[in-house]
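Enquirer: So the sequence shown is numbered by this note's numbering: it starts at 5 and just counts up by one. Quick one: the structure is below, and I'll ask about it shortly.
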Amino acid sequence: EKEFKELSDAQLKEKSAEFKKLLANGYSLDTILPEAFAAVREAARRTLGQRHFDVQLMGGIVLHRGKIAEMKTGEGKTLVATLPTYLNALEGKGAHVVTVNDYLSRRDAVWMGQVHNALGLSVGCINHDSSFLYDSSHTSKADDKERDVEGGFKVVHEFLRPVSRREAYRADITYGTNNEFGFDYLRDNMAYEAGQMSQREHHFAIVDEVDSILIDEARTPLIISAPDEDSG
5 EKEFKELSDA QLKEKSAEFK KLLANGYSLD TILPEAFAAV REAARRTLGQ
55 RHFDVQLMGG IVLHRGKIAE MKTGEGKTLV ATLPTYLNAL EGKGAHVVTV
105 NDYLSRRDAV WMGQVHNALG LSVGCINHDS SFLYDSSHTS KADDKERDVE
155 GGFKVVHEFL RPVSRREAYR ADITYGTNNE FGFDYLRDNM AYEAGQMSQR
205 EHHFAIVDEV DSILIDEART PLIISAPDED SG
């Protein structure tokens, strides 16, 4: 932590390129995990004014290993998710964060987008009828302070730039609901050519409220239909 605190903002952002190079040279995610998590903690401290507690780092390790981490409301699940999401996004294949509703997907993309942006990663957001990329170029200091204070409760739409679904899915990290991810998958399977598909290959996903989504919501099937071809 002391080592990362001494880095400039530019040097901290450059760490992502260093991690990607290590991965390309055969290093595993587990090998770079301690430094990657340290980078995320430092980025969160600088952008949000929030430093991951040790127990949150432990939660991040659990999620990275594909296990379930149970946390009470207010213990910082959203912040914990930045750790394994960042680490797995370094492989360049995309990482999904599955939220419970469109509001939370926008909120988290704006709120946690600051952390990933500080580390040089792009953040997308998929909603029912729209899709966005986090864009820090729209940020002003006044908005920044307001967002940091009310980040958990306020979505500042100025930081979300509308883009195509395809672009949002090609971001390093994409936030969205299970329904939107599911229906986009079904639509892609109905596409006639690759250019009509929005998603890319699935790589890594973190599911918020996993009990609700994988147990309660699992009873509701996702059904999609296409117009039938005219019979000759």
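Backbone N, C-alpha and C define an ideal beta-carbon position, used for all residues, glycine too. The model shown is predicted, which means the values in this text are computed figures rather than measured ones.
CB-CB under 7 Å to T89, same chain, minus the five flanking residues each way: which ones, in chain order?
Expert: Against the sequence shown, residue 89 aligns to sequence position 85. Same-chain partners within the cutoff: A99, V101, I177, I210.
Enquirer: At 4 residues or longer, and completely inside the region 49-126: list those alpha helix (DSSP H) runs for me, N to C.
Expert: 58-68, 81-93, 106-115, 117-122
Enquirer: Provide the residue span of the alpha helix (DSSP H) that contains Y189, from first to last.
Expert: For the purposes of this step, residue 189 is taken as residue 185 along the sequence shown, with counting starting at 1. Its alpha helix (DSSP H) spans residues 182-194.
Enquirer: Tell me which same chain residues have a C-beta within less than 8 Å of the C-beta of I217, skipping the five on either side of it?
Expert: As a working mapping, residue 217 is identified with position 213 in the sequence shown. The answer, listed in chain order, is V102, V104, N182, V211.
Enquirer: Going by C-alpha distance, which of L125, P231, G186, K19 is nearest E221?
Expert: The residue labelled residue 221 in the question sits at position 217 within the sequence shown. Measuring from the Cα of E221, the nearest candidate turns out to be G186.
Enquirer: Leaving out five residues on either side along the sequence, give the residues of the same chain with a beta carbon under 8 Å from the beta carbon of T35.
Expert: To locate residue 35, count along the sequence shown from 1; it is residue 31. Its chain contains L26 as the residues whose beta carbon lies nearer than 8 Å to that of T35, once the 5 sequence neighbours on both sides are disregarded; these appear in chain order.
Enquirer: With a CB to CB cut of under 6 Å and the five nearest residues on each side skipped, what residues in its chain are close to L87?
Expert: For the purposes of this step, residue 87 is taken as the residue at position 83 of the sequence shown. These residues qualify, in order along the chain: F41, V44, G64.
Enquirer: Could you pull out every residue in the same chain whose Cβ sits closer than 8 Å to the Cβ of V167, ignoring the five residues on either side in sequence?
Expert: Taking the first residue of the sequence shown as 1, we reach residue 167 at position 163. So the qualifying residues of the chain are G128, S135, F136, L137.
Enquirer: Taking all protein chains shown into account, decide if Q15 is buried (16 or more other Cβ within 10 angstroms of its Cβ) or exposed.
Expert: Taking the first residue of the sequence shown as position 1, residue 15 is located at position 11. Under this definition Q15 is an exposed residue.
Enquirer: On the three-state DSSP scale, how would you describe F208?
Expert: If you number the sequence shown from 1, residue 208 lands on position 204. Residue state, collapsed to three classes: coil.
Enquirer: Excluding sequence positions up to five away, which residues of its chain have a Cβ less than 6 Å from the Cβ of V66?
Expert: Translated into positions along the sequence shown, residue 66 becomes position 62. If we look at V66 and ignore the five residues flanking it on each side, its Cβ neighbours are A73.
Enquirer: Counting C-beta neighbours from all protein chains within 10 Å, is the total for V32 16 or more, i.e. buried, or is it exposed?
Expert: Here the question's residue 32 lines up with position 28 in the sequence shown. According to the sequence as given, residue 32 is Ser; it is not Val. Around the CB of S32, fewer than 16 other CB atoms lie within 10 Å, so the residue is classed as exposed.
Enquirer: Secondary structure at G30, three-state DSSP: helix, strand or coil?
Expert: Looking up residue 30 in the sequence shown gives position 26. For G30, the three-state secondary structure derived from DSSP is coil.
Enquirer: Whole-angstrom Cβ separation of Q257 and L83, contact assumed at under 8 Å?
Expert: Given that the chain is displayed from residue 5 to residue 236, the structure contains no residue 257 and the question cannot be resolved.
Enquirer: Name the one or two DSSP bridge partners that R165 has.
Expert: Translated into positions along the sequence shown, residue 165 becomes position 161. L137, per the DSSP bridge assignment.
Enquirer: In this structure, does DSSP put T178 in helix, strand or coil?
Expert: Sequence index remark: in the sequence shown, residue 178 carries index 174 (1-based). Correct three-state label for T178: strand.
Enquirer: Among L125, I130, G53, which residue has its Cα nearest to the Cα of N92?
Expert: Within the sequence shown, numbered from 1, the residue matching residue 92 stands at position 88. Measuring from the Cα of N92, the nearest candidate turns out to be L125.
Enquirer: If we ignore side chains and look at the alpha-carbon of each, how far apart do D133 and D106 end up?
Expert: As a first step, residue 133 must be located in the sequence shown, where it is residue number 129. As a first step, residue 106 must be located in the sequence shown, where it is residue number 102. If you take the alpha carbons of D133 and D106, they lie about 10 Å apart.
Enquirer: Which one of E213, R223, S229 has the shortest CA to CA distance from K76?
Expert: Residue mapping note: residue 76 aligns to position 72 of the sequence shown, counting from 1. Considering only alpha carbons, the answer is E213.
Enquirer: Go ahead and pull the three-state DSSP assignment for I130.
Expert: By 1-based counting over the sequence shown, the position of residue 130 is 126. For I130, the secondary structure class from DSSP, reduced to helix, strand or coil, is strand.
Enquirer: From A146 to M201, what distance separates their C-alpha atoms?
Expert: Here residue 146 corresponds to residue number 142 of the sequence shown, with the count starting at 1. Here residue 201 corresponds to residue number 197 of the sequence shown, with the count starting at 1. Caution applies to A146, whose pLDDT of 45 falls short of 50 and renders its modelled position unreliable; the value that the coordinates give is listed next. Taking the straight line joining both Cα atoms gives about 39 Å.
Enquirer: Given this structure, state the Cα-to-Cα distance separating R174 from K9, to the nearest angstrom.
Expert: Start at 1 with the first residue of the sequence shown, and residue 174 comes out as number 170. Start at 1 with the first residue of the sequence shown, and residue 9 comes out as number 5. Distance between the alpha carbons of R174 and K9 is about 31 Å.
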